[in-house]
Amino acid sequence: MLEELLARQRSRAVGTIHRVMRVARVTGAPSWHKLPTWLGLANLIGLLESLRSENLHDTNSLDGAPAPEAANAPPVPVGAEARKWRTADGSHNDLARPTMGKAGTRFGRNFALHEIEAPARSSWLMPNPRVISEVLLARDRFVPATSLNVLAAAWIQFMTRDWFSHGTSSDAAPHEIPLLATDDWHERPMRVAPTRPDPTRCPFASGPPSFVNEVTHWWDASQIYGSDAARQQRLRAQAGGKLRLTADGHLLSDPGAGSVLTGFASPDTLWTPLALLHMLFAREHNAICDALQAAYPSWDDAALFEHARLINAALLAKIHMLEWSKALLTHPTVAAAMDGSWWGLFGERMKEKLGRLGESDARRGLAGGSQRHFGVPYAITEEFVAVYRMHSLLPDEFTLRALRDDRVHTQCGLRELIGTTGLRLLDTIGAPNLFYSFGVAHPGALRLHNYPNALRKLQRADGSLVDLATVDVLRDRERGVPRYTEFRRMLRLPVPRSFHELTDDAVWARELRAVYKRLDHVDLLPGMLAEPLPDGMAFGDTAFHIMILMAARRLNSDRFFTADFSEEVYSELGMQWIRENTLSSVLLRHFPALAPALAQVDNPFRPWKRVQMS
856 MLEELLARQR SRAVGTIHRV MRVARVTGAP SWHKLPTWLG LANLIGLLES
906 LRSENLHDTN SLDGAPAPEA ANAPPVPVGA EARKWRTADG SHNDLARPTM
956 GKAGTRFGRN FALHEIEAPA RSSWLMPNPR VISEVLLARD RFVPATSLNV
1006 LAAAWIQFMT RDWFSHGTSS DAAPHEIPLL ATDDWHERPM RVAPTRPDPT
1056 RCPFASGPPS FVNEVTHWWD ASQIYGSDAA RQQRLRAQAG GKLRLTADGH
1106 LLSDPGAGSV LTGFASPDTL WTPLALLHML FAREHNAICD ALQAAYPSWD
1156 DAALFEHARL INAALLAKIH MLEWSKALLT HPTVAAAMDG SWWGLFGERM
1206 KEKLGRLGES DARRGLAGGS QRHFGVPYAI TEEFVAVYRM HSLLPDEFTL
1256 RALRDDRVHT QCGLRELIGT TGLRLLDTIG APNLFYSFGV AHPGALRLHN
1306 YPNALRKLQR ADGSLVDLAT VDVLRDRERG VPRYTEFRRM LRLPVPRSFH
1356 ELTDDAVWAR ELRAVYKRLD HVDLLPGMLA EPLPDGMAFG DTAFHIMILM
1406 AARRLNSDRF FTADFSEEVY SELGMQWIRE NTLSSVLLRH FPALAPALAQ
1456 VDNPFRPWKR VQMS
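What follows is the structure, given as structure tokens:
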């Protein structure tokens, strides 16, 4: 009787939401963030349907006819291992289309290919990206994001290492950027290595440029486990399913790369907080192996490793959606949307009690639903890469503290946290003190004039210097990412008609006009950093539209988050581990001394409690 009553209530609620969605689309109701929570949530559900219909595009069609949708195609014969577990390179996630999403396949697009212009090289320097770095992006003074801690900045870099890597070309001629006479850059002109060309592209194909992803497109923790079988074997201990770590639980040294051994090959982007997260979740993998071994003593090394990898990757996805996203996007409608995406519209308790609650995403949540691609083969998109340019989150200066009494251990700059000097801090200061230091410190706000200057003169592992702010602007142009106003038009968002409509800061409006002259020349990154922010949002509506589309898609398209997200594949213990754990529980399992700092902290990406000085 109770279950029948709940079912009728659910049906009425979902019916109301869908009616509101239809009305909102017809009448042009106010944006989601200006509506009460339930109306805003209905607006977001309708928005997601629209984005799925209009903003998923297959770059394989650049070589001719697009690949047919494989929903009804017969499965390709595959081995039992690929059918049951994730492959190292991401292949066979969709058994009917085994290469979809694997490492070495193309990035997709969120905009129709015929609307994306192949950028002329002459336009790549208009206006000069180094001038944009100097005048609009360079940090004048540090503007903190006081609702967050530095671990939130490290986390998104930890995630993007899993999702995408373009690579650079060492053979092609570098891009040359002319410099003003007053610029003190060490070389003239500034030289930037181009993105690695697409080796799969027909040389005579027309249309926008295409590039391939060096890592798997899936949300599969490839930053921990690697994107090819050889690297994965290097990472494994070959016993008990575990990953190789030192006796004291640290990452192994990788002398050839001048860094530590992780699933992500490039050492250039490794800094201390990022290394901590790599170490933490390598330890978590091994802890999962211990629990699985105790529960299923007959399992061999391979079964333990593959199950632990599935569990660890799903836990990372859950933490990202339910903790990181909700820390940056505190608007109540977004919080409800993130919970609904994972648990379903009626929450965790109801999903556990009554199962998947029907067929719609709103009822059941995305995790554990049906694998769907919405007519377009799954891939991370170039536009998704572009909106996750969040280097402004990184401070230039850090205070490293003692967990025991909050005393200052040392103060250092961002440059001292990057590379081998940053890795040494794990030994000299210790992981608990470092986690605490970054847990109580604020990152930077995602705003103009707040790009870390340390990254504007960053020394690479090979000794070369690079201005990442200049590179960020150049990369979007090189890859054919539309500029700000066109980007918004293609998302069906209101397009500003003047610089003063683009931003609510009158000084920024004048500066943007002085650099760009024309509104339609404003690049995506400066535009996003200048646009007004909805209440409770760390970034604006432009990036948010891409985020909600692709966040849902990374679950919808992945067999291991949909049809195979079950006890039969993950094990009963595995599903329980995912359900019951959070970032706080992971931190406390491996570093119990952090308990006083995490006490009464509802989200570990928000500032931790400062311990009392003795």
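According to our numbering, the stretch in the sequence shown is residues 856 to 1469, in order. Every residue gets a Cβ at the ideal spot worked out from N, C-alpha and C, and that includes glycine.
Is the CB-CB distance between residue i and residue j below 8 angstroms?
i     : j     : result
L1301 : F1394 : yes
A1407 : L1221 : yes
I1433 : A1169 : yes
H1228 : T1001 : no
D1322 : R985  : yes
G1118 : R1091 : no
A1316 : P1462 : no
E1237 : V1336 : yes
P1367 : R1244 : The amino acid occupying residue 1367 in the given sequence is Leu; Pro does not appear at that position. Result no, Cβ atoms of L1367 and R1244 do not sit closer than 8 angstroms.
L1303 : A1369 : no
H1133 : L1106 : yes
A1182 : N1458 : yes
A1448 : L1258 : yes
What is the rounded straight-line gap between the Cα of residue i and the Cα of residue j?
i     : j     : result
D995  : S1077 : 36 angstroms
H969  : T1124 : 34 angstroms
L1006 : T1437 : 14 angstroms
Q1093 : F1136 : 18 angstroms
R1043 : P974  : 24 angstroms
G1199 : S1024 : 44 angstroms
S977  : R1332 : 11 angstroms
I1403 : L906  : 9 angstroms
Y1425 : V998  : 43 angstroms
I1166 : A1009 : 22 angstroms
E1427 : F1420 : 11 angstroms
L1212 : S1225 : With a pLDDT of 47 at L1212, under the threshold of 50, the modelled position of that residue is not reliable, and no figure is offered here.
F1354 : V1242 : 20 angstroms
E1435 : L1177 : 13 angstroms
S1082 : D944  : 5 angstroms
L894  : E936  : 45 angstroms
Y1151 : A1084 : 26 angstroms
G836  : S1247 : Any question about residue 836 goes unanswered here, given that the chain covers just 856 to 1469.
W1018 : D1251 : 26 angstroms
E1422 : H1162 : 11 angstroms
Q1148 : G1429 : 12 angstroms
Which stretch, first to last residue, makes up the alpha helix (DSSP H) that contains residue i?
i     : result
I1401 : 1396–1411
L1281 : 1275–1283
I1079 : 1077–1080
R1016 : 1005–1018
L899  : 892–909
Applying the 10 Å Cβ sphere with the 16-neighbour rule, what's the burial state of residue i?
i     : result
S1061 : exposed
R1347 : exposed
S1153 : exposed
P1033 : exposed
P1387 : exposed
F1059 : exposed
S1196 : buried
C1144 : buried
T871  : Only weak support is given to the placement of T871: the predicted model assigns it a pLDDT of 44, under 50, and the question is left unresolved by the model.
Q1266 : exposed
R1465 : exposed
R865  : Any reading at R865 is ruled out, since the residue's pLDDT is 42, under 50, leaving its predicted position unreliable.
G1274 : buried
T1037 : exposed
R941  : buried
Q1467 : exposed
V1362 : exposed
L1255 : buried
So the beta strand (DSSP E) residue i belongs to, where does it begin and stop?
i     : result
G1268 : 1263–1268
R1046 : 1045–1047
F1290 : Run containing F1290: none in the beta strand (DSSP E); it sits in the alpha helix (DSSP H), 1286–1295.
Under a CB-based cut-off of 8 angstroms, is residue i close to chain B?
i     : result
L1090 : This model lacks chain B altogether; it includes just one protein chain.
Q: Determine, using beta-carbon pairs with one atom in the region 1094–1104 and one in the region 990–998, whether at least three such pairs fall under 8 angstroms.
A: no
Q) Below 8 angstroms, can you find three or more Cβ-Cβ pairs linking the region 1045–1063 to the region 1023–1032? A) Yes: the two stretches touch, three or more of their Cβ pairs being nearer than 8 angstroms.
Q) Are at least three pairs of beta-carbons, each pair with one atom in the region 953–968 and one in the region 1270–1288, less than 8 angstroms apart? A) With fewer than three CB-CB distances shorter than 8 angstroms, the region 953–968 does not count as touching the region 1270–1288.
Q. Taking three-plus beta-carbon pairs below 8 angstroms as touching, is the region 944–957 in contact with the region 1066–1074?
A. They touch, by the three-pair rule.
(Q) Can you confirm whether the region 1364–1379 touches the region 1174–1188 when touching is taken to mean that 3 or more C-beta pairs between the two stretches lie within less than 8 angstroms? (A) no
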